[in-house]
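In the order they appear, the protein sequences are chains A and B.
Quick note: the first sequence uses the numbering used here, first residue 2, plus one each step.
Quick note: the second sequence uses the numbering used here, first residue 26, plus one each step.
For each residue, glycine too, the CB sits at the ideal point set by N, CA and C.
Please read all numbers here as calculations on a predicted model, not as lab measurements.
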Amino acid sequence: MKAWLFHLVALAGLAVLAAVLPAYHANNLARVLVLAVYATGYNLAFGYTGMLSLGHALFFGAGMFGAALPVTLWGWGGVPVLALGMLAGGVVAGAVGLLALRTKGVSFMIVTLMFAQAGYLTLIWFNAVTGGDQGLVLPGAARRVLGIDLTQDAPRLWLALGIYAVALLLAVALVRSRFGRIMLAMRENEERSRMLGYNPYAVKLKVLVVSGLYAGLAGAAYGLFFGYAGAGFATVQYSILPMLYSLLGGAGTALGPLIGAAAMFWLIDFVSSLTNAYLMLVGVALIVLVLFAPRGILGFVRERWLPWLP
Amino acid sequence: MLRLEGVSASYGAVTVLRDVALEARGGEVTCIMGRNGVGKTTLMRAIMGLVARQGRFMLDGDDLSDLPAHEVPRHGIALVPQGRRLFGPLTVAENLEIGLMTRHRGRAVRERVLDLFPRLRERLGQVSQTLSGGEQQMLAIARALCMEPKVLLLDEPTEGLQPSMIAAIRDVVMGLKATGVATVLVEQRVEAVLQMADRVAFMDHGRVAEVLAVADLRADAPQFAAYVGV
Numbered sequence: 002m003k004a005w006l007f008h009l010v011a012l013a014g015l016a017v018l019a020a021v022l023p024a025y026h027a028n029n030l031a032r033v034l035v036l037a038v039y040a041t042g043y044n045l046a047f048g049y050t051g052m053l054s055l056g057h058a059l060f061f062g063a064g065m066f067g068a069a070l071p072v073t074l075w076g077w078g079g080v081p082v083l084a085l086g087m088l089a090g091g092v093v094a095g096a097v098g099l100l101a102l103r104t105k106g107v108s109f110m111i112v113t114l115m116f117a118q119a120g121y122l123t124l125i126w127f128n129a130v131t132g133g134d135q136g137l138v139l140p141g142a143a144r145r146v147l148g149i150d151l152t153q154d155a156p157r158l159w160l161a162l163g164i165y166a167v168a169l170l171l172a173v174a175l176v177r178s179r180f181g182r183i184m185l186a187m188r189e190n191e192e193r194s195r196m197l198g199y200n201p202y203a204v205k206l207k208v209l210v211v212s213g214l215y216a217g218l219a220g221a222a223y224g225l226f227f228g229y230a231g232a233g234f235a236t237v238q239y240s241i242l243p244m245l246y247s248l249l250g251g252a253g254t255a256l257g258p259l260i261g262a263a264a265m266f267w268l269i270d271f272v273s274s275l276t277n278a279y280l281m282l283v284g285v286a287l288i289v290l291v292l293f294a295p296r297g298i299l300g301f302v303r304e305r306w307l308p309w310l311p
Numbered sequence: 026m027l028r029l030e031g032v033s034a035s036y037g038a039v040t041v042l043r044d045v046a047l048e049a050r051g052g053e054v055t056c057i058m059g060r061n062g063v064g065k066t067t068l069m070r071a072i073m074g075l076v077a078r079q080g081r082f083m084l085d086g087d088d089l090s091d092l093p094a095h096e097v098p099r100h101g102i103a104l105v106p107q108g109r110r111l112f113g114p115l116t117v118a119e120n121l122e123i124g125l126m127t128r129h130r131g132r133a134v135r136e137r138v139l140d141l142f143p144r145l146r147e148r149l150g151q152v153s154q155t156l157s158g159g160e161q162q163m164l165a166i167a168r169a170l171c172m173e174p175k176v177l178l179l180d181e182p183t184e185g186l187q188p189s190m191i192a193a194i195r196d197v198v199m200g201l202k203a204t205g206v207a208t209v210l211v212e213q214r215v216e217a218v219l220q221m222a223d224r225v226a227f228m229d230h231g232r233v234a235e236v237l238a239v240a241d242l243r244a245d246a247p248q249f250a251a252y253v254g255v
């Protein structure tokens, strides 16, 4: 009960922020919320199940183009393209997982990275359809979901918050379920889990598909919300970002990815206004955080004060 | 009853078990003894399918020889490995729940298991890596019992524990006999073997060299000493 209350209060806090933030920050918050959906899915695989993937950019890209291509090719829009994008992320994650999960640890990381690179190069190769490096600009008319005009800052932010709220609460429900216990068992020790009757391959494949659905939804939402889909979103950088968000906010905590995404986003925003060498300062800040709170911000809070936090 | 015939097991090119034959009968404790390195732990792992293995593994007439490791526990064989091997960051309750889910057991089984280990009931919300060594061993056994196994494999369960904990574990093992569970116990302490076991299988160079009833061993102390190296 405490855990649910904690997350509902956090969502209420976000709603208050959404209501009072000026346009510039409201737009940033919408971006952060969509990236937090992506990182929340990544965290299910990485923080809760122990799969260190560098292939999630492929799932994100699959979601983005799974939504953008029906828009540009057939003039679709709205909920169907969001659903298609989400499905594309899940299907691609399942296909990658079928092969990549025959490996684990560093090998898994490398295999997923190679799949993602292959996906990125495929997007570039078919530039006549995907727009290649330049990407696709999505027409404003297609950027409406349930009557909400996504070209406007405020409606976009509220829809982003709605999607994040659902994604967060589903993630909390999943990690608190019986299956969530098995995820944690896998993370801690695969052989021990096998000894107790659980099939690591099957469990991790299920989690990877769920994680892919999150990434696909986030990719689709990002494209529709901000009107652009590009191959650049399928590069390795977009696999590293959700990992950083999870580590910074607290891997294996449900709200951690949002905190990590927000902290990183506004840290870069703030420091880049001070100096061109902002990435160096951001790097120093991350090193300090890792030294003093290696479990991330919310991981530190859980360790010290809130041991019941999922 | 668990029956092993012609079992061999290896780690890569190194063969550890050779043509092992063994029976573990319901309601009995079968103890595995032998010097370090003879393959006792490997035998436990081979039964669970956790090492490359050949031979026949029969449980109550069902052939488990070709099952993947994760399906062995679902047929009713549970292992309490050497060194406890809990999920450290998970609570006592969560560790038990993982055991319960293996064979879809519920609250009633959990309550029965907790009745055997009242100390665990007091610590359900505690993270398991913060338990004492003895409590961790109790939890490892409790987690295995949550599966309601037909065969319980215990790999040196009393190693490094204080006498009161050893006594508690001995009481649980003795209690299991009455419920018809076949217990296979790897144990080095002679007095523990004499107290708990019905039969003792002596291993040497990866084989079961001889199986003797405990009553016979009591009568032939020199042979017993020769096998366990004392």
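Close Cβ partners of residue i (< 7 Å) along its chain, the five nearest in sequence each way excluded
i, result
"His230 (chain B)", "Val63"
"Val39 (chain B)", "none"
"Leu30 (chain A)", "Leu18, Ala19, Leu22 and Leu158"
"Arg109 (chain B)", "Gln161, Gln162 and Ala165"
"Ala234 (chain B)", "Phe227 and Met228"
"Arg144 (chain B)", "Glu160 and Met163"
"Met199 (chain B)", "Met221"
"Val289 (chain A)", "none"
"Ala94 (chain B)", "Met73, Gly74 and Leu75"
"Val41 (chain B)", "Ala34, Ser35, Gly64, Thr67 and Gly231"
Contact set between residue i and chain A, taken where Cβ atoms lie within less than 9 Å
i, result
"Glu184 (chain B)", "Those within 9 Å of Glu184 (chain B) in chain A number zero; the least Cβ separation is about 18 Å."
"Glu147 (chain B)", "Chain A residues near Glu147 (chain B): none, gap ~17 Å exceeds 9 Å."
"Glu119 (chain B)", "Arg182, Leu185 and Ala186"
Residue i at chain B interface by Cβ criterion, 8 Å
i, result
"Ala186 (chain A)", "yes"
"Gly297 (chain A)", "no"
"Arg182 (chain A)", "yes"
Listed by chain order, chain A residues near residue i by CB distance under 8 Å
i, result
"Phe142 (chain B)", "Chain A residues near Phe142 (chain B): none, gap ~18 Å exceeds 8 Å."
"Leu301 (chain B)", "Limits of chain B in this structure are 26 at one end and 255 at the other, which puts residue 301 (chain B) out of reach."
Residues that DSSP places opposite residue i in a beta bridge
i, result
"Gln79 (chain B)", "B:Ser33"
"Ala226 (chain B)", "B:Ile57 and B:Val236"
"Tyr152 (chain A)", "For clarity, residue 152 (chain A) is Thr in the given sequence; the question names Tyr instead. For Thr152 (chain A), which the question treats as bridged, DSSP gives no partner whatsoever."
"Glu48 (chain B)", "B:Arg28"
"Tyr229 (chain A)", "A:Val138"
"Ile125 (chain A)", "For Ile125 (chain A), which the question treats as bridged, DSSP gives no partner whatsoever."
"Leu104 (chain B)", "B:Leu178"
Cβ shell of residue i (< 6 Å), same chain only, five flanking positions each side left out
i, result
"Leu210 (chain B)", "Val54, Cys56 and Leu179"
"Ala161 (chain A)", "Ala31, Leu34 and Val35"
"Arg193 (chain A)", "none"
"Leu122 (chain A)", "none"
"Gly52 (chain B)", "Lys202 and Gly205"
CB contact check: residue i to chain A, cutoff 8 Å
i, result
"Glu30 (chain B)", "no"
"Leu75 (chain B)", "yes"
"Ala115 (chain B)", "Note that residue 115 (chain B) corresponds to Leu in the displayed sequence, not to Ala. Closer than 8 Å: yes."
"Arg60 (chain B)", "no"
"Pro174 (chain B)", "no"
"Pro98 (chain B)", "yes"
Environment of residue i [buried if 16+ CB atoms lie within 10 Å]
i, result
"Gln161 (chain B)", "buried"
"Phe61 (chain A)", "buried"
"Lys3 (chain A)", "exposed"
"Leu89 (chain B)", "buried"
"Ala119 (chain A)", "exposed"
"Met108 (chain A)", "Residue 108 (chain A) is actually Ser in this sequence, not Met. When all chains shown are included, Ser108 (chain A) counts as exposed."
"Arg179 (chain A)", "exposed"
"Gly131 (chain B)", "exposed"
"Arg195 (chain A)", "buried"
"Val173 (chain A)", "buried"
Cβ-based neighbour list, residue i, same chain, cut-off 8 Å, excluding 5 preceding and 5 following
i, result
"Gly150 (chain B)", "Thr116, Val117 and Ala118"
"Ala217 (chain B)", "Thr183, Ile191 and Arg195"
Amino acids of chain A, ordered along the chain, whose beta-carbon sits closer than 7 Å to that of residue i
i, result
"His95 (chain B)", "Arg195, Gly198, Tyr199 and Asn200"
Residue i: contacting residues in chain B (beta-carbon distance under 8 Å)
i, result
"Asn190 (chain A)", "Arg110 and Phe112"
"Arg179 (chain A)", "Glu122 and Met126"
"Arg303 (chain A)", "In chain order: nothing, as chain B lies at least about 11 Å away."
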